[in-house]
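Residue numbers (this note's numbering): 1 to 206. Glycine included, each C-beta is placed from N, C-alpha and C at the ideal position. Have a look at the structure below, then the notes.
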Ligand SMILES: N[C@@H](CCC(=O)N[C@@H](CS)C(=O)NCC(=O)O)C(=O)O
């Protein structure tokens, strides 16, 4: 059976768990990472992922890390073309939003998230915090503009892997105690995602 190493509180682990639920794939999830009894800094774990990060999967005797790559692998392996199309351009449009989430969006929220959610003493500079919140809102506003066009999911009328990675990111933004820009298309998108049992299950934590 597919083995998923990583704590369920991790947003990146939850992307993989949600993907498995959409596919209807049985899995065994093991709590690994800070705050659990399984350290990422052992020789055994570092052999699986030298980045000392979760998630990691073990499937058919092989190991894979990087959450978005794992989601792509699972959709591809189980031929879920609704989640990740095979045709070049439709696929690239989904992957574009996944890459944007992992690079541009993720870089925008780190300081404000550490300050406001993790309450990190090292992230309380008021100027950097204001810049961080503004940057996070600005990136979410770009997603809002896209949703004003599609009026449904990130890439159009159908749910895809892009909605898994961005849905969890939206959940983080909505629940973080920051000054939120008023973004109505994102509110409608959040309500749409709340119709999916897996989203409700994996959006309990920030
Ligand atoms: N780019 C990686 C990032 C993974 C990542 O940041 N994982 C965090 C949890 S969300 C982690 O392993 N942190 C160390 C820990 O929890 O001990 C991915 O998407 O898989």
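Quick one: what's got a C-beta closer than 6 Å to residue i's C-beta in the same chain, skipping five residues either side?
i           : result
residue 102 : 68
residue 137 : 181
residue 153 : 159, 163
residue 65  : 49, 56
Between residue i and the rest of its own chain, which residues show a CB-CB distance below 7 Å, the 5 nearest in sequence each way excluded?
i           : result
residue 116 : 176, 177, 178
residue 33  : 6, 7, 10, 40, 54
residue 144 : 183, 185, 186
residue 104 : 139
residue 46  : 52
residue 135 : 108
residue 207 : Residue 207 is absent from the structure shown; the chain starts at 1 and stops at 206.
residue 29  : 4, 8, 17
residue 198 : 18, 21, 22
residue 44  : none
residue 174 : 190
residue 59  : 2
In chain order, what residues of the same chain lie with their CB nearer than 8 Å to the CB of residue i, ignoring the 5 residues before and after it?
i           : result
residue 16  : 4, 6, 55, 57, 67, 70, 71, 74
residue 168 : 11, 14, 15, 18, 202, 203
residue 23  : 74, 75, 78, 80, 83
residue 63  : 48, 49, 56, 57
residue 89  : none
residue 170 : 140, 143, 186, 189, 190, 193
residue 37  : 31
residue 124 : 115
residue 27  : 1, 2, 3, 4, 17, 20
residue 156 : 150
residue 35  : 7, 9
Let me know if residue i comes out buried or exposed under the rule of 16 or more other beta-carbons within 10 Å of its beta-carbon.
i           : result
residue 108 : buried
residue 61  : exposed
residue 50  : exposed
residue 110 : exposed
residue 172 : buried
residue 112 : buried
residue 133 : buried
residue 98  : buried
residue 128 : exposed
residue 194 : exposed
residue 119 : exposed
residue 166 : buried
residue 85  : buried
Using a Cβ-Cβ distance under 7 Å, would residue i count as near chain D?
i          : result
residue 64 : The structure shown contains no chain D; it is built from a single protein chain.
Next item on the list: Note down, one range per segment and in chain order, each alpha helix (DSSP H) of at least 4 residues found wholly within the stretch 6 to 62.
Entry: 11 to 23, 43 to 48
Check: Which ranges does the alpha helix (DSSP H) cover as unbroken runs of at least 4 residues, wholly within the stretch 118 to 190, from first to last along the chain?
Finding: 126 to 150, 161 to 175
Check: Given 8 Å as the limit, is there contact between the stretch 85 to 96 and the stretch 150 to 165, that is, 3 or more CB pairs closer than that?
Finding: yes
Check: Can you list the beta strand (DSSP E) stretches of 3 or more residues lying completely in the stretch 72 to 97, in chain order?
Finding: none
Next item on the list: Decide if the stretch 141 to 153 is in contact with the stretch 181 to 190; the criterion is three or more beta carbon pairs, one per stretch, under 8 Å apart.
Entry: yes
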